[in-house]
Each structure stands twice: as C-alpha cells, then as structure tokens.
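Each residue of the sequence shown is one higher than the one before, counting from 3 in this note's numbering.
Where a beta carbon is used, it is the ideal one built from N, C-alpha and C, also for glycine.
As the structure is a computational prediction, the values presented were derived from the model and not from experiment.
Inspection log for the structure reproduced underneath, given as structure tokens.
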Amino acid sequence: MTSIATNIAAMSALKTLRSINSQMETVQSNISSGYRVETAADNSAYWSIATTMRSDNSALSAVEDAMALGAAKLDTAYTGMDAAIEVMDEVKAKLLVAREPGVDKTKVNKELTELKNQLRSIVDSSTFNGENWLEWNTAADSADKQMVGSFTRDASGLISVGTITYDITTGMGITGINYLVDNGGQGEYGVLTSDAFATSVGAGAAYVLFKGATNPGSTVEMVLDNSTTSAAVEDMVKTVDAMIQRMTDVASNMGALKSRVDMQSDFVGRLRDSIESGVGRLVDADMNEASTRMKALQTQQQLGIQALSIANNSSQSIMQLFN
C-alpha cells in the first residue's frame with residue numbers, strides 16, 4: 003500500500019541513518035581522544051579499573067623518585083667508605099714503614115697526619131641532602147636509615163608502602179660499628195674513634211686514629227715520634243688492620259644494599275610500564291580498527307542518505323497517477 007500520510011520507507015531509512023550517525027560520533031570521539039573508554043559512561047568497569055591503576059602508577063612514580071633520593075644517599079656513603087678504605091691502606095703502609103729500624107718516625111708521622119686530614123675530609127664531604135651516614139653526632143643519628151622501596155595494593159584494596167632499611171648501628175661492639183667517626187659521643191660509634199679495635203687485637207694501649215669529642219682519657223691517638231717503640235707500632239698496625247676489616251664489612255653491606263636498591267628501582271620502572279600497558283589494553287582505542295570503521299560508516303552514511311532520498315521521492319510518483 004502506498005500512502006501520502008505515512009512514508010514507511012523514509013522512516014526506516016531515517017532510522018538507519020540516525021544509527022549510522024550515532025556510530026560515527028562514537029568512532030570520531032575514539033579517534034580524537036585516543037580512548038575507546040574515556041568516561042564511566044563508556045564502560046564503568048574498565049573505567050574504574052583504569053582510574054585506580056593510573057592513580058597507583060602515579061604513586062609508583064613517587065616511589066621511584068624517593069628511591070632515587072635514597073640511592074643517592076647510599077651511593078654517597080658507599081663512595082666515601084670506599085675512599086676511606088684506600089686511605090686506611092696507606093695508613094697501614096706508613097705504619098709498616100715506621101716499623102723498619104732506623105726510620106725517622108717523625109717524618110712518617112707527618113705523612114700520617116696528612117692521611118688523617120684526608121680521612122676527615124672524606125667523612126665530612128660524604129653528605130647528601132644534609133645526611134651523612136659516616137659520622138655520628140647525636141642520638142638521632144643512631145636511627146636506622148630507611149628508603150621507600152615499594153607501593154602495593156592488596157586484594158581488599160588496602161595499600162601499603164614498603165621500605166628498605168640500612169641498620170646503621172647493629173648493636174654495640176666491633177660488629178655494630180658502621181660509622182667512621184663519632185663526633186658527639188665517646189667514640190664507640192666510629193671505626194676510627196673507637197678503642198674496641200685495639201682491645202680486639204690485644205694492643206698494649208687503647209689506640210684510636212682520632213679522638214672523639216668526649217673520648218675517655220684512656221684512649222691514645224696514633225701519633226709517631228722517635229721514642230715510639232716497635233711494639234707500639236706493631237699494635238698500631240694490628241689496630242688499623244682490624245679497622246680496615248670492619249670498614250670492608252660495612253662497605254660490603256652497603257654494596258649489597260646498593261645492589262638491592264638498584265634492582266628494586268629497575269623493577270618499579272618495569273612495573274610502571276606494565277601497568278601503563280595493561281591500562282592501555284583496557285581503554286585505548288585501536289586506531290587501525292577505528293579508521294577502518296570510520297571509512298565503512300562514511301560509506302554507509304552516503305548510502306543511507308541516498309536511500310532516504312529515494313524514499314522521499316517515491317511519494318512524488320503518486321502525482322503521475324492523477325495526470
């Protein structure tokens with residue numbers, strides 16, 4: 003039946019054209035934004051997951067920055083300790099020279115004094131952002147050094163921040179001395195200021211390389227003159243060697259921790275890339291597919307317009323019946 007009141011063909015063609023135009027708007031939005039899920043209205047589940055993971059990725063970025071700061075402090079301390087060990091090797095060598103009969107010990111002592119000054123310079127310079135892990139000044143310096151290491155979210159949605167800890171004073175005694183110089187106490191926290199090393203080798207005096215601010219009167223700073231006995235020099239050599247062994251242990255601990263921090267930093271970087279890639283799979287538009295889809299819709303739109311034009315013109319043919 004042909005009707006001039008209701009053009010069913012035109013209505014069908016118009017409906018199809020509207021659907022095509024709506025699809026084109028969606029595809030155009032995907033192409034312009036780069037997302038197939040840009041808002042919660044597009045896909046609430048994927049949008050929620052993507053928003054949460056983007057937030058976590060931003061937190062991981064902050065963790066990465068914090069780890070870089072902690073790594074810089076650790077690198078500075080490690081570099082200072084490594085340099086100090088080299089100087090201490092020279093100190094031991096000079097003391098061995100002083101052990102030789104007929105050597106002018108006062109001249110050796112001048113070299114020893116300069117090596118001590120170099121050690122002081124190394125310790126004082128091993129500072130990053132106001133923190134120095136090689137010298138002890140106040141009780142606050144005994145606190146463990148903590149570096150942010152991770153950011154995690156468990157299955158229930160609770161978050162936690164993990165830390166990497168450097169135990170700066172592992173108890174007392176030789177095995178617990180990690181500083182080089184104790185400026186604020188009685189020398190017990192510093193490898194170079196503690197008499198524990200002389201005691202450990204059975205030296206005849208409480209030898210230290212430096213005296214701390216309030217060292218007990220029993221401590222004896224390593225100073226040479228021509229009246230210094232061979233036995234005293236041997237005790238100094240033994241004491242310095244014990245100090246070097248402890249410094250080597252501390253440097254080894256720092257090196258192991260440095261390796262862990264580097265690995266964790268690399269892992270956090272790769273984890274951020276994985277999260278970003280995963281979010282992309284959920285919400286990013288496939289531009290190849292979108293462009294192909296747009297071409298197809300443009301063709302359909304042209305055909306829809308043509309169909310609507312034909313449907314609208316069909317009613318005009320009725321006029322010929324009245325001619």
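Put simply, the region 108 to 125 does not touch the region 147 to 167. Fewer than three CB pairs are less than 8 angstroms apart. In the same chain as valine 239, and ignoring 5 residues on each side of it, the C-beta atoms closer than 8 angstroms to its own belong to Lys94, Leu97, Leu98 and Arg101, in chain order. Phenylalanine 153 sits in a strand when the DSSP states are folded into three classes. Per the coordinates, the alpha-carbon of leucine 310 lies some 8 angstroms from the alpha-carbon of alanine 11. At a Cβ-Cβ threshold of 9 angstroms, serine 144 and isoleucine 166 do not count as neighbours. Residue pairing from DSSP places glutamine 148 in a beta bridge opposite Thr167.
Cβ atoms of serine 267 and methionine 69 come within 8 angstroms of each other, at about 5 angstroms.
Setting aside the 5 residues that flank it on each side, glutamine 25 is surrounded in the same chain by Leu299, each with a C-beta closer than 7 angstroms to its C-beta; the list follows chain order. With 16 or more other CB atoms across the displayed protein chains lying within 10 angstroms of its CB, methionine 256 is buried. Comparing C-alpha distances from aspartate 77 to each of Leu259, Ser276 and Asp126 shows the shortest one belongs to Leu259.
It is roughly 32 angstroms from the alpha-carbon of phenylalanine 269 to the alpha-carbon of alanine 142. Check the Cα spacing between aspartate 275 and each of Arg56, Glu27 and Ile51: the tightest is with Arg56.
When Cβ pairs closer than 8 angstroms are counted between the two stretches, the region 12 to 24 is seen not to touch the region 236 to 254, the count staying below three.
If you ignore the 5 residues before and after asparagine 139, its C-beta comes within less than 6 angstroms of the C-beta of Asn185 and Gly186, all in its own chain and listed in chain order. Leaving aside the five residues that flank valine 29 on each side, the residues in its chain whose CB is nearer than 7 angstroms to its CB run, in chain order, Ala292, Arg295, Met296 and Leu299. Around threonine 41, the same chain offers Trp49 as residues with beta carbons nearer than 7 angstroms, after the five sequence neighbours per side are excluded. In terms of Cβ geometry, leucine 284 and isoleucine 33 do not form a close pair [threshold 9 angstroms].
The C-alpha of valine 225 lies about 27 angstroms from the C-alpha of asparagine 134. Here valine 210 is buried: its Cβ has 16 or more other Cβ atoms, across all protein chains shown, within 10 Å. In this structure, the beta-carbon distance from leucine 182 to asparagine 131 does not fall below 9 angstroms.
Under DSSP, phenylalanine 130 forms a beta bridge with Glu133. In the three-state reduction of the DSSP assignment, serine 162 falls in the strand class, which pools E and B.
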